[in-house]
Amino acid sequence: RVVIETRNPAATRLTLLRDPYRLGVDMTDTDWQVNGVAPRGALAKPLARAYRFGTPEPGVGRLVIELDAPSIPVRRFALPPDGGGHRFVLDLVDRGTTAFSVAAKALAQEAADQAAASQTAVAQNAVTAPANPAPATDASTTKPVPKPATAPSAPASDVKAKPAVTIAAPSSNPRKWVVFIDAGHGGKDPGAIGHSKTQEKHITLAAALELARQLGSTGIVEPVLSRDDDRYLRLRDRIRLAREQSADVFISLHADAAPSSKAYGMSVFTLSDTASDKEAALLAERENKADLIGGPDLAVEDPDAAGELLRMFQRESMNQSTYLASAILKQIGDLPGGTKRGHRFAGFAVLKAPDMPSVLVEMGFVTNRRDEANLKKESYRRKVVERLARAIIAYLVEYGPRQ
Numbered sequence: 001r002v003v004i005e006t007r008n009p010a011a012t013r014l015t016l017l018r019d020p021y022r023l024g025v026d027m028t029d030t031d032w033q034v035n036g037v038a039p040r041g042a043l044a045k046p047l048a049r050a051y052r053f054g055t056p057e058p059g060v061g062r063l064v065i066e067l068d069a070p071s072i073p074v075r076r077f078a079l080p081p082d083g084g085g086h087r088f089v090l091d092l093v094d095r096g097t098t099a100f101s102v103a104a105k106a107l108a109q110e111a112a113d114q115a116a117a118s119q120t121a122v123a124q125n126a127v128t129a130p131a132n133p134a135p136a137t138d139a140s141t142t143k144p145v146p147k148p149a150t151a152p153s154a155p156a157s158d159v160k161a162k163p164a165v166t167i168a169a170p171s172s173n174p175r176k177w178v179v180f181i182d183a184g185h186g187g188k189d190p191g192a193i194g195h196s197k198t199q200e201k202h203i204t205l206a207a208a209l210e211l212a213r214q215l216g217s218t219g220i221v222e223p224v225l226s227r228d229d230d231r232y233l234r235l236r237d238r239i240r241l242a243r244e245q246s247a248d249v250f251i252s253l254h255a256d257a258a259p260s261s262k263a264y265g266m267s268v269f270t271l272s273d274t275a276s277d278k279e280a281a282l283l284a285e286r287e288n289k290a291d292l293i294g295g296p297d298l299a300v301e302d303p304d305a306a307g308e309l310l311r312m313f314q315r316e317s318m319n320q321s322t323y324l325a326s327a328i329l330k331q332i333g334d335l336p337g338g339t340k341r342g343h344r345f346a347g348f349a350v351l352k353a354p355d356m357p358s359v360l361v362e363m364g365f366v367t368n369r370r371d372e373a374n375l376k377k378e379s380y381r382r383k384v385v386e387r388l389a390r391a392i393i394a395y396l397v398e399y400g401p402r403q
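Per the working numbering: the sequence shown = residues 1 to 403.
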């Protein structure tokens, strides 16, 4: 936890930088008055190794904390004076490199929005004519309108030219990308059941194991499975496991069901407060009810009740999820016997991790005889999974965090 005490409330702006990992806190209309504390020094604190503070420009006080891990602020709040000054509080947590990248982009966008709002306000004030025009003044004596301070710039994102997609893409990354593969349903939750009594939970597990095998064989990805056998897991436990592993990508595999046996094909879903269509809304509602099978879980915090920082990070994570969904749709376009139903949106609980790109892939409809027959074939599942693996690698190479 970081606590900054000021005589008066101060507007703050946060920045996350890397090489090394750093947290910057800019406070406007602020000067440092710290007795007996050097302007820079070492810290023997969890997650923090060093600090420095100063005034990079008039009226701006800046504190920089050098981090020993890719830690992000998960809460920020102000406390009123209680025998001292006003306090600005930040809680930091190490969530891994992907969460750090997501948070850095979200904070940079917040700073840009604040700067744009300030510039708009200045411009509006400048063009508003006074009721009684002032006499003309000599241009040499006119004071320029001050420009708002801009946030310290974040490092340029490491976006590479998109290579031809190949599973065995070479890499010099010292750390493997972590892909969390969630086999939908399991245990006492069979999921959808097909015409020939095929249970969704068995199809998703077989596909997840094959995806883990293919990604692991690349040498640049560490696959992590939510389950490798027929067990029941709550939806939020799946999210928790992925975050504990600092996953760079979360992919949940499913096989759909529909009232009409004529419905068929593959869909890729990402999180949204508003469903893209009625069918997507009903599917999310049905999937989210999986937790009810295990009874009430009163110890789990509702992701929607997260603080404003995590909600802001989730918006950036949703943007990244869209890039991943697009990569998947591009790859499955030529799947023999497969049909794309497109990129769709709904409020899936399993996609609500605020700090990692997450997608849910419906590999087909077990309530459609053709899809069910295909999904039962190991050869067909392998073709589906191969395209998913290629899409994940392509996404990580282009948009994934620098390792």
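The C-beta atom is built at its ideal place from N, Cα and C for all residues, glycine as well. Just so you know, these numbers come straight off a predicted model, no measurement behind them.
- Between residue 176 and residue 220, the CB-CB gap stays under 7 Å.
- Counted as a single uninterrupted DSSP element, the alpha helix (DSSP H) harbouring residue 239 occupies residues 235-244.
- In this chain, the alpha helix (DSSP H) harbouring residue 212 covers 200-216.
- Here residue 354 is not near residue 324, since their CB atoms are 7 Å or more apart.
- In the structure shown, the three-state DSSP call for residue 49 is strand.
- When rounded, the separation of the alpha-carbon atoms in residue 266 and residue 228 is 23 Å.
- DSSP places residue 329 in the uninterrupted alpha helix (DSSP H) bounded by 308-332.
- Rounded to the nearest whole angstrom, the C-alpha separation of residue 80 and residue 6 is 10 Å.
- Within the same chain, 72, 355 come within 6 Å of residue 99 by CB-CB distance, once the 5 residues on both sides are set aside.
- Assigned with DSSP and collapsed to three states, residue 391 falls in helix.
- Between residue 251 and residue 181, the CB-CB gap stays under 7 Å.
- Between residue 183 and residue 198, the C-beta gap is not smaller than 7 Å, which leaves the two residues out of contact.
- Per DSSP, the beta-bridge partners of residue 266 are 340.
- Straight through space, the alpha carbons of residue 285 and residue 330 are spaced by roughly 27 Å.
- Within the same chain, and ignoring the five residues on either side of residue 107 in sequence, the residues whose Cβ sits closer than 7 Å to its Cβ are 14, 15, 16.
- Using a Cβ-Cβ distance cut-off of 8 Å, the stretch 88-97 and the stretch 245-265 are in contact, since at least three pairs of beta carbons, one from each stretch, lie closer than that value.
- For the options 75, 70, 4, the alpha carbon positioned closest to that of residue 62 is the one of 4.
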